[in-house]
Structure formats: structure tokens, C-alpha cells
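The block underneath contains the structure these notes are about, expressed in C-alpha cells.
2 protein chains.
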Amino acid sequence: MIQELKTSYGHLFEDALINEILQVGTYKEVPSGFKLIEIGAYIKGMPLLVSGAIKILREDTDGNELLLYYIEKGETCSMSMTCCVGRTKSEIRAIAEKETKLIMIPVQKMEEWTAKYKSWRHFVLGSYHTRLNEVLHTLDSIAFDKMDERLVNYLKEKVRVNNKNRIDNTHKEIAYELHSSRVVISRLLKKLERLGKVTLHRSHIEVLDL
Amino acid sequence: MIQELKTSYGHLFEDALINEILQVGTYKEVPSGFKLIEIGAYIKGMPLLVSGAIKILREDTDGNELLLYYIEKGETCSMSMTCCVGRTKSEIRAIAEKETKLIMIPVQKMEEWTAKYKSWRHFVLGSYHTRLNEVLHTLDSIAFDKMDERLVNYLKEKVRVNNKNRIDNTHKEIAYELHSSRVVISRLLKKLERLGKVTLHRSHIEVLDL
DNA sequence: AGCACTATGTAACCTATGTTACTGAGAACA
DNA sequence: TGTTCTCAGTAACATAGGTTACATAGTGCT
Numbered sequence: 199m200i201q202e203l204k205t206s207y208g209h210l211f212e213d214a215l216i217n218e219i220l221q222v223g224t225y226k227e228v229p230s231g232f233k234l235i236e237i238g239a240y241i242k243g244m245p246l247l248v249s250g251a252i253k254i255l256r257e258d259t260d261g262n263e264l265l266l267y268y269i270e271k272g273e274t275c276s277m278s279m280t281c282c283v284g285r286t287k288s289e290i291r292a293i294a295e296k297e298t299k300l301i302m303i304p305v306q307k308m309e310e311w312t313a314k315y316k317s318w319r320h321f322v323l324g325s326y327h328t329r330l331n332e333v334l335h336t337l338d339s340i341a342f343d344k345m346d347e348r349l350v351n352y353l354k355e356k357v358r359v360n361n362k363n364r365i366d367n368t369h370k371e372i373a374y375e376l377h378s379s380r381v382v383i384s385r386l387l388k389k390l391e392r393l394g395k396v397t398l399h400r401s402h403i404e405v406l407d408l
Numbered sequence: 199m200i201q202e203l204k205t206s207y208g209h210l211f212e213d214a215l216i217n218e219i220l221q222v223g224t225y226k227e228v229p230s231g232f233k234l235i236e237i238g239a240y241i242k243g244m245p246l247l248v249s250g251a252i253k254i255l256r257e258d259t260d261g262n263e264l265l266l267y268y269i270e271k272g273e274t275c276s277m278s279m280t281c282c283v284g285r286t287k288s289e290i291r292a293i294a295e296k297e298t299k300l301i302m303i304p305v306q307k308m309e310e311w312t313a314k315y316k317s318w319r320h321f322v323l324g325s326y327h328t329r330l331n332e333v334l335h336t337l338d339s340i341a342f343d344k345m346d347e348r349l350v351n352y353l354k355e356k357v358r359v360n361n362k363n364r365i366d367n368t369h370k371e372i373a374y375e376l377h378s379s380r381v382v383i384s385r386l387l388k389k390l391e392r393l394g395k396v397t398l399h400r401s402h403i404e405v406l407d408l
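Listed in order, the protein sequences are those of chains A and B. In terms of our numbering, the first sequence opens at residue 199 and continues consecutively. In terms of our numbering, the second sequence opens at residue 199 and continues consecutively.
In C-alpha cells form, the structure reads like this:
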């Protein structure tokens, strides 16, 4: 755990803080698809990602989802932070996109470290900044882009986060995360295939050039 | 200034902090429509709202706008905070919705007070929390709601923020903030009038019951 | 092989929203 | 008063995207 923490956060935090994290943090490994946070749940701790990726999803009143963004190595969940401080319910769902390693920090330490460590303050504020901007870009995409552009961006992100050109999802799953319908996504994917940008297979997509 | 600061922030900040704010803050009054922040600009200070309201807008690549949310008395602009810390450009535009009084805090104090005052830390984190949730709700509305619902919510918000049932905007202006077109908004407003929820006049709308 | 299940392809259709164009009604002003 | 501008009402039309329905092709199991 020491080694992994230093690799991901060594350049961000001073040694004293790293040591504190080692003392109070709980190391956790979760498989792909593991649900870390459910909507409406109270959050017990703040996660520091060591490796892997977590997808953050929003849900409408009918239970349909919408992918907001991914959290990756060296990042944390801003929603968790405020939920911890304010003791409010989670407004989002968090699911591991792939196998993920993380360290959970107890709530009360968050506040304590904010007063104590400058690097921690920067990390916390920086995380908020990143997240707010991330949500804004998601919002841009929904408000300003058509579905074909959103799909292309979705595929690009997926390729980047998973670091491979093969996307192991069905059209149905993709439609779900984009808050669209399977038929529409199939239609658009077919168009992308005709343009030579992807090749389609059963239950997976090969991304050639987007 | 002392009186107004205490009224708006007295219950949030300890006296020592109030005094510091009085020493370094600059009092400012801006008229309705005044542009406080432009997209791409660097932000010089962090605003604390004493009275009035500021609307925060996002712009697409073609220059069309989208209303994100309002900032009101006792609140601050989270975007400014992070821009101050990170010295990054603004991703949003801020325009006074009505006559607004505010106090500008110099950048470097932000960091200093975060270490020094617990109430400041809570205020800063709380602001982020509120904003992040606010943006999420805006996003919900865009992703999940149809235009008629969005329009009703827009009118409700406008009535609440301005504290009067008369909305002094043209259909064109409303269309602009909702990122729609004038004809569509006229159509939907007419429908609302037929339902007895509003009455339409030239350049203003009377809200009866939404 | 035969069967059931799931993923995908595709056509036909519906609706919300956007676009263009034209109208008349008020407002501003010479 | 006449002219010009802005604002709003409305019709006609285009299109993206959602819905329903059905066909076909893999996949896995017996």
C-alpha cells in the first residue's frame, strides 16, 4: 500500500500527510462493475484512487441513467467530500469501470487535514475545480451537441479510460449511459462503421479511428 | 458596509474574519445587466454577494448561451474561487440579474483564511457543494426534461429570484437563456397562457400560477 | 442438431423542436 | 401623422431522435 500511495500521490502530498493516510486509511480493491456509492446513501468515507477508474452516474425520476464523468488514478470524488462534510445524501451513483484500487479516508480526517496541510487544501480545492469543470463539459455536450457527437465523445473517453481500442459493451449499455435508446445507438454506430471509424461485433466494438 | 456584511454573513463568519473582510474587501455596486465576468478572463478576486442576484451563463462554440444558475445574497461564485487558486481562465460568464451589492476579496486572502478560519473553510466547501449540486440539477433539467418543463422552471426561478410576478424579458431573451429559439418559446408561452398560467404582453410576462 | 436467449439490423412511424417566412401590433421618433 | 423598428403570433416544413415491431444472427446449453 505504501508503494502504491507514493506512486499516485507522492508528488501531491508531503511525507507527514502520506504517513497519516497510511495510518488511518483503509485499502480496498473492487472488481469491475462494483457499486461504490448508491443514490440517496450516506457516505462513510472519502476515496483516494490508486489505480483503475470509477464512473459517476446520474439518474432521472424514471430510473434512467446518464454518465457524468470518470474518476481516475490520483483523483477523488468531490461529491463524497461535500457529502462527508455536510452529512447529506449522495446525489450520484459510483460504479467501478474496471478493477480499481483505492484508499478510504474517514470523514473527520478531511476537516482536520484541511487546517493542517497546505497540500491537502490544494488537493481538495483542485478536485472541486476539476469536477465542476468536468460536469460543465458534460453539460455542454448534452446541451449543445447532437447524439452522434456525444456518441463519438463517449467512445473516445471509453478508449482513453480503459486504455484499449476494444469496447466491451452492448449497444443497450451504451444507450443507457448516454440516456438514449438502443435503436438510436445501433443506427449511429452503423453510420460510424460505414465511415470506417469502428467495426461492430456482437457485444463489443473495435475503435479504429474517431 | 459593516452593517450589510453582518446582515448577510454575520451568522456564517466569526467576528475576527468579518473584521478582516472589512479591511481587505472592496465594496462594489453594479446595475442590472452589468457584466462581472467574461469567458476566458482571468479573475482578480472572489465576490461575496451582499444583495441582489447574479446569473451564471455558459456559452457554446457558436456563441449561444445557456443559463446555469443564480447566485444570491450570502453566496459566492465557486468558479471564481478555483480560478483564483489555479490562476485559470473563467469558463463562465457572470451578469447581474438586478442591481447587486458585493464585496470583492483579493485572491491571496482566500488561501490564507482557509488555514486560519474554520468558518471560512466551511463556507468555501459549502459553496462548492451547493454549486456542484446546482449544476447537476441544471444538467438534469436539460438531459431529462422537455422544453415545456424547462420553461416553467425557468419562469418559476425568475419569479423567485426577482421576487415579483412580472418578468421583464422578451421571448427572444428567454429563448437565448434556455438555448432554444424564439418561435419555440412563443409557442410554449402561448400554450401556458391558454392554460391560464400566465398572461402575455409586449416585452413582459405576468405569471399567475405555475 | 435443436432450443432458448440475447444482440443487432432495419423499416415504419410519431413527436418535439428547430427553421423560414410572413403577418400585424405596439413603440419610438422624426 | 407617417415611418421604422421591435416583438409576438402563426403556418408550413425539416429533422433528430424516440418507439414499435419484426427479422436475423450469434451464443450457450441440452
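Glycine is no exception: its CB is placed at the ideal position from the N, C-alpha and C atoms. This one's a predicted model, so the numbers in the text were calculated from it and none came from an experiment.
Asked	Found
Min CB distance threonine 280 of chain A to chain B below 7 Å	yes
Closest residue to glutamate 236 of chain A among A/Leu220, A/Gly272, A/Ala294 and A/Val357 (Cα-Cα distance)	A/Ala294
For lysine 428 of chain A, the nearest candidate out of A/Asp258, A/Leu203 and A/Thr368 (CA to CA)	Outside the shown range of chain A (199 to 408) lies residue 428 of chain A, about which nothing can therefore be said.
Under 7 Å between C-beta atoms of glycine 250 of chain A and glutamate 297 of chain A	yes
Unbroken alpha helix (DSSP H) run spanning lysine 356 of chain B, endpoints	345 to 360
Cβ separation of leucine 330 of chain A and arginine 329 of chain B, assumed to be a contact under 8 Å, to the nearest whole Å	7 Å
Neighbourhood of leucine 386 of chain B by C-beta distance below 6 Å, restricted to the same chain and skipping five residues each side	Asp346 and Leu349
Limits of the alpha helix (DSSP H) - the one that alanine 313 of chain A falls within	305 to 314
CB of arginine 336 of chain B within 7 Å of CB of leucine 266 of chain B, strictly	For clarity, residue 336 of chain B is threonine in the given sequence; the question names arginine instead. For threonine 336 of chain B and leucine 266 of chain B, yes; Cβs fall inside 7 Å.
Contact check, methionine 279 of chain B vs methionine 244 of chain B, beta carbons under 7 Å	yes
Per-residue contacts from leucine 220 of chain A into chain B (C-beta, under 8 Å)	Correct list: empty, because the minimum Cβ distance to chain B is about 24 Å.
When B/Ile372, B/Lys395, B/Tyr326 and B/Gly238 are compared against tyrosine 179 of chain B, the one with the closest alpha-carbon	With chain B running from 199 to 408 in the structure shown, residue 179 of chain B is simply not present.
Pair within 7 Å by beta-carbon distance, histidine 377 of chain A and leucine 264 of chain A	yes
Partners in chain B for methionine 277 of chain A, counting only beta-carbon separations shorter than 8 Å	Leu330
Best match in A/Lys307, A/Asp338, A/Ile269 and A/Asp213 for proximity to glycine 223 of chain A [C-alpha to C-alpha]	A/Lys307
Residue burial classification, isoleucine 200 of chain B (beta-carbon count within 10 angstroms, cutoff 16)	exposed
Opposing strand residues paired with alanine 292 of chain B [DSSP bridges]	B/Ile235 and B/Ile254
Short CB-CB distance (under 7 Å) between histidine 209 of chain B and chain A	no
Candidates B/Asn361, B/Val382 and B/Val359, of which the one nearest threonine 368 of chain B by Cα	B/Val382
Assigned secondary structure, isoleucine 241 of chain B (DSSP; H/G/I helix, E/B strand, else coil)	coil
Cβ-based neighbour list, asparagine 363 of chain B, same chain, cut-off 8 Å, excluding 5 preceding and 5 following	Val357, Glu404, Val405 and Leu406
Under 7 Å between C-beta atoms of lysine 354 of chain B and leucine 408 of chain B	yes
Identity of the residue in B/Tyr225, B/Glu375 and B/Asp213 nearest lysine 299 of chain B by Cα	B/Tyr225
Beta-carbon proximity of lysine 314 of chain A to glycine 238 of chain A, cut-off 7 Å	no
Beta carbon of alanine 292 of chain A nearer than 7 Å to that of isoleucine 340 of chain A	no
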